[in-house]
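In the numbering used here, the protein residues as written are 28 to 157.
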């Protein structure tokens, strides 16, 4: 039984990039799809799509590289099932002096820390990516 599907998704992406895979597939969920679309919008991954394999949907993420180095250098899960981390918009983290992003789950959907700060929204800090 998997208790944290978000950390599983981030670990699959990290492991696939370490062995220079071109893409990674994982079980589909709306939350993982929103997170992957946000990574696609910020340029950390390539195309994100939902595919049907057998009778279960899958999420297929195309990985991006700069030369031989992966675009995602570090991934850190902040809010976990055992310890939820919430922040006001004034207390949102700045990852690498705003060169990286933190993904925030707000009442208006998932967005980056920069966008949430601009819209004066706080929420749950999902992860930090640089």
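No residue lacks a Cβ here, since even glycine has one placed at the ideal position from N, Cα and C.
As the structure is a computational prediction, the values presented were derived from the model and not from experiment.
Apart from the five residues just before and just after residue i, which ones in its own chain have a Cβ nearer than 8 Å to its Cβ?
i	result
residue 107	31 and 34
residue 119	129, 131, 140, 143, 144, 149 and 152
residue 29	35
Measure the Cβ-Cβ separation of residue i and residue j and say whether it is below 8 Å.
i	j	result
residue 62	residue 104	no
residue 156	residue 128	yes
residue 71	residue 49	no
residue 131	residue 143	yes
residue 137	residue 65	yes
Locate the alpha helix (DSSP H) running through residue i, then write down its first and last residues.
i	result
residue 36	32 to 45
residue 53	First-last for residue 53: 50 to 54, but that is the beta strand (DSSP E), not the alpha helix (DSSP H).
residue 144	140 to 145
residue 57	57 to 69
With a threshold of 6 Å on Cβ separation, who are the neighbours of residue i within its own chain once the five nearest residues in sequence on each side are excluded?
i	result
residue 85	52, 55 and 78
residue 102	37, 41 and 156
residue 75	63, 64, 67 and 88
For the beta strand (DSSP E) that residue i lies in, which residues bound it at each end?
i	result
residue 90	83 to 90
residue 74	72 to 80
residue 153	150 to 156
In or out: residue i buried (at least 16 other Cβ within 10 Å) or exposed?
i	result
residue 134	exposed
residue 112	exposed
residue 100	exposed
residue 80	exposed
residue 246	Any property of residue 246 remains undetermined from this structure, which presents the chain solely from 28 to 157.
residue 46	exposed
residue 59	buried
Where in the stretch 101 to 130 do unbroken runs of the beta strand (DSSP E), each at least 3 residues long, occur, reported from the N-terminal end onward? 102 to 104
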